[in-house]
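Residue numbers (our numbering), protein chains in the order written: chain A, 434 to 548; chain B, 91 to 201.
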């Protein structure tokens, strides 16, 4: 079964450092997403990416965040200067046209701990 | 009123029993509805989409009640492996891409 893969599985960083989280979506999928989930809280939308550009972003996705699809397979989330409140599980997800943009396959997540 | 609201539980249910939980949504214009399950510290996984006419997948049945703005999930003959948090998800009518996630209902199946 095709899957979305994410690296690293866990990253610990100091406040103010830059972090890059990597994702390899399912190969024939066209829509890519980042979500986050703070421990014990609900899943929150960060950003969607389609046709090589951001299609939508939430209020959480401020200037500290950016996304890239540098080589046609990887999809990255960068946090420029991490804050304590960025500690969360970050999930990458993808969807294909046939299933509809709302039917998501998630990666296993990257746990970010900011100290 | 929250956009998507669920009873957080936990629902403690003996193995083999039937359990049902609901989720209410606030926007009557919502069109797409889903149930995801999430195991502890794991990613959400799509359990089933919810169709207007209701749909069944094995032991799982989902229903949509547009008049009262809720969806339901029924699990028959529950297994220990059904223990998880069940997330109700609804499309954001102001968006083409965003989904609105409920906080989840925790289900614990006991032997």
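Where is the CB? At the ideal position from N, CA and C, for every residue including glycine. What you are looking at is a predicted structure, and each value in this text was computed from that prediction instead of being measured.
| Asked | Found |
| --- | --- |
| With a Cβ-Cβ cutoff of 8 Å, do residue 124(B) and residue 176(B) count as a contact? | no |
| Give me the subset of the region 474-489 of chain A whose CB atoms are less than 8 Å from a CB atom of chain B, sorted by chain position. | 474, 475, 476, 477, 478, 481, 483, 488, 489 |
| Measure the CB-CB distance between residue 494(A) and residue 517(A) and report whether it falls below 8 Å. | no |
| Give me the Cα-Cα distance between residue 189(B) and residue 180(B), rounded to the nearest whole angstrom. | 6 Å |
| At least one CB of chain A closer than 8 Å to the CB of residue 191(B): is that the case? | yes |
| Can we count residue 187(B) as close to the ligand HEM, meaning its CB is less than 7 Å from some heavy atom? | Of the ligands one can find in the structure shown there are none, so the ligand HEM has no counterpart to examine. |
| For the beta strand (DSSP E) containing residue 525(A), name the first residue and the last one. | 521-528 |
| Is there at least one Cβ from chain A nearer than 8 Å to residue 177(B)'s Cβ? | yes |
| Check for me: the beta strand (DSSP E) holding residue 468(A) runs from which residue to which? | 464-470 |
| Reducing DSSP to helix, strand and coil, say where residue 133(B) ends up. | coil |
| Reducing DSSP to helix, strand and coil, say where residue 517(A) ends up. | helix |
| Taking the alpha-carbon positions, what's the residue 485(A) to residue 538(A) distance? | 19 Å |
| Kindly indicate if chain A contains any beta-carbon less than 8 Å away from that of residue 187(B). | yes |
| On the DSSP bridge list, what partners appear for residue 511(A)? | 453(A), 499(A) |
| On the premise that residue 545(A) lies in contact with residue 444(A), defined as a C-beta separation below 8 Å, what is that separation, rounded to the nearest angstrom? | 5 Å |
| Measure from the alpha carbon of residue 462(A) to the alpha carbon of each residue in 515(A), 490(A), 481(A), then state which is nearest. | 481(A) |
| To be precise: take each residue of the region 149-169 of chain B, compare its Cβ to all Cβ atoms of chain A, and keep it if any distance is under 8 Å. Which residues remain? | none |
| Going along the chain, which residues of its own chain have a beta-carbon closer than 7 Å to the beta-carbon of residue 174(B), five neighbours each way excluded? | 127, 128, 129, 197 |
| Relative to the C-alpha of residue 521(A), which candidate in 497(A), 453(A), 474(A), 489(A) has its C-alpha closest? | 474(A) |
| Are residue 134(B) and residue 476(A) touching if we call contact CB-CB under 8 Å? | yes |
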